[in-house]
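The block underneath contains the structure these notes are about, expressed in structure tokens.
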Amino acid sequence: LSEVTDINPDYLKFTTYILVLDALVIIPFALLRANEKPMRYAVLKTINVAINLGFNVFFLLVLPNLVQEADSGFFHSIYRPNWEIHYVLLSNVIASGITLLILLPSYFKANYTFDAALWKRMMKYAGPVMIAGVAFTINEVLDKILLTQLLPSDIAEAEVGKYGACYKLALFMTLFGTAFRMGVEPFFFSHAKSEKPQKTYAQITNYFVILGSIILLGVIALIDPLGKLLLHNPVYWEALDVVPIILLGSFCLGIYHNLSVWYKVTDQTKFGAYISSIGALITLIINIGFISKIGYMASALATLAAYGSMMLISYYFGRKYYPVPYNMRKITFYLSVSLVFSILSFYVFNRNLIAGSILLLVFLGLVYKMEGENLRSIFLKRGN
């Protein structure tokens, strides 16, 4: 495999270890989600990230200094020059291994039996989900690959660097969407057979749209200070125009995940595979057709078109197979106001921080006026 891919065999070994270790913690983490233990789930995920980050800092920054200060000893025995990538991968292996050790007791508490009927149901359910996952990966990574291949060689690396750097600013929306989905999906399944779960699903989606609209406008209103904080090279700022488009695309993806409850709780995951494949096809067509003409802007537009289409298609079929009473008037209102304010902040006021901040505060005030009573009732219930 190393000869075929021309990748260092050590990298492949470390990557294999990471994949195996991460695969072994999927079930324990899924059990935590199914049992609605979000705090333990979040703590363990945070520990994993902290260990990974800590060992990266040690191997890449601390260890070389310790080796320079001492002529021999333990630190010399573990130090390898030019092993930067090795150390990054090794840190990931260590973090994944420790996480597995923490979760290992859950494997010994289970009673193992094989249920052939359940296995068939699982494969029927999970097969399309796997296909959807592959299609989603295509949507996420294909644009960078095609930019490298389709742009002139003398500018490709620089353009991909700008695009990738500005893509980071969309991570605020991506992280919000991922965290929300990881927390809410177990709730969707556990309440699927309760009385009128569709009403609850609709309320959850309403609040997702409200929070997502705040994040969309917030990032765009504060894009200049965020850009200076996260994009240290001023050259990257040239690609800031893609940020609103990618943010909106990520927002559409988050809404799609909320809307997709219909095919998950009805065991019709084949629709997830169909919809994700359509999204991947849109990504492919737009990137191939327009990268040579408008560069990385084509990739940003492809992201928005793919995820926007997936959202609309899921909504259409959801109404047919599992109607959920979404408050479309409220959802459309918040989306529209957030979009209009974002356009004003970014394009009309030319990213002016004061104007953007005022628009953000106005939007927050609007949300509080319309949702304040509902939010207070929710927190009062939790307090009791």
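Each residue of the sequence shown is one higher than the one before, counting from 2 in our numbering. Where a beta carbon is used, it is the ideal one built from N, C-alpha and C, also for glycine. All values derive from a computational prediction rather than experimental measurement.
Residue V94 holds the alpha-carbon nearest to the alpha-carbon of G55 among L172, Y108, V94. In the structure shown, R330 falls within a helical segment according to DSSP collapsed to helix, strand and coil. For the options P198, F188, S339, the alpha carbon positioned closest to that of N36 is the one of F188. Two segments are said to touch when three or more pairs of C-beta atoms, one from each, lie closer than 8 Å; by this definition the region 110-125 does not touch the region 243-263. N207 is a Cβ neighbour of K331, given a cutoff of 8 Å.
The three-state reading of DSSP puts G74 in coil, since its state is none of H, G, I, E or B. Residues of the same chain with a CB within less than 6 Å of the CB of L90, apart from the 5 flanking positions on each side, are F15 in chain order.
Residue range 117-151 is occupied by the alpha helix (DSSP H) that includes A133.
Taking C-alpha positions only, S278 is separated from K265 by approximately 17 Å. About 5 Å separates the CB atoms of T270 and V130; that is less than 8 Å, so the two are in contact. By the beta-carbon neighbour count (other beta carbons within 10 angstroms, threshold 16), F109 is exposed. By the neighbour-count definition (other C-beta atoms within 10 Å, threshold 16), T175 is a buried residue.
Under the three-state reduction of DSSP, V26 is assigned to coil, being neither helix nor strand.
In this structure, the alpha-carbon of V368 lies about 12 Å from that of G213.
The beta carbon of P235 lies closer than 6 Å to none in the same chain, with the five residues before and after it left out. Judged by beta-carbon spacing, I221 lies within the 8 Å limit of S346, meaning their Cβ atoms are closer than that value. When C-beta atoms of the region 181-195 are compared with those of the region 334-343, fewer than three pairs fall below 8 Å, so the two segments do not count as touching. The three-state secondary structure of G296, taken from DSSP, is coil.
Between F252 and L217 the beta-carbon gap is near 6 Å, inside 8 Å, which marks them as a contact. The count of Cβ pairs closer than 8 Å, one atom from the region 161-171 and one from the region 142-153, reaches three, so the stretches are in contact. Of the other Cβ atoms in all chains shown, fewer than 16 fall within 10 Å of the Cβ of W120; this residue is therefore exposed. The three-state secondary structure of A51, taken from DSSP, is helix.
Contact check between the region 64-73 and the region 21-36: fewer than three CB pairs, one atom from each, fall below 8 Å, which does not count as touching. Using a C-beta cut-off of 8 Å, the region 175-184 makes no contact with the region 292-302, since fewer than three inter-stretch Cβ pairs fall below that distance. Around the beta carbon of F364, 16 or more other beta carbons lie within 10 angstroms, which makes this residue buried. The beta carbon of L362 lies closer than 7 Å to none in the same chain, with the five residues before and after it left out. Annotation for A166: the continuous alpha helix (DSSP H) segment containing it runs 154-168. Sorting I215, T284, L340, T100 by C-alpha distance to the C-alpha of D23 places T100 at the top. Annotated as distal: I19 and L152, with beta-carbon spacing of 8 Å or more. Secondary structure of F15 (DSSP, three-state): helix. With respect to the C-alpha of S310, the residue from I276, T17, Y297 having the closest C-alpha is I276. For I139 and A281, the gap between their C-alpha atoms comes out near 6 Å. R81 sits in coil when the DSSP states are folded into three classes, being neither helix nor strand. Under a 10 Å Cβ-count criterion, M40 is classified as exposed, with fewer than 16 other Cβ atoms of the shown protein chains found around its own Cβ. Sequence-distant partners of Y327 (beyond 5 residues in either direction) whose C-beta falls short of 7 Å from its own C-beta, in its chain, are A203, T206.
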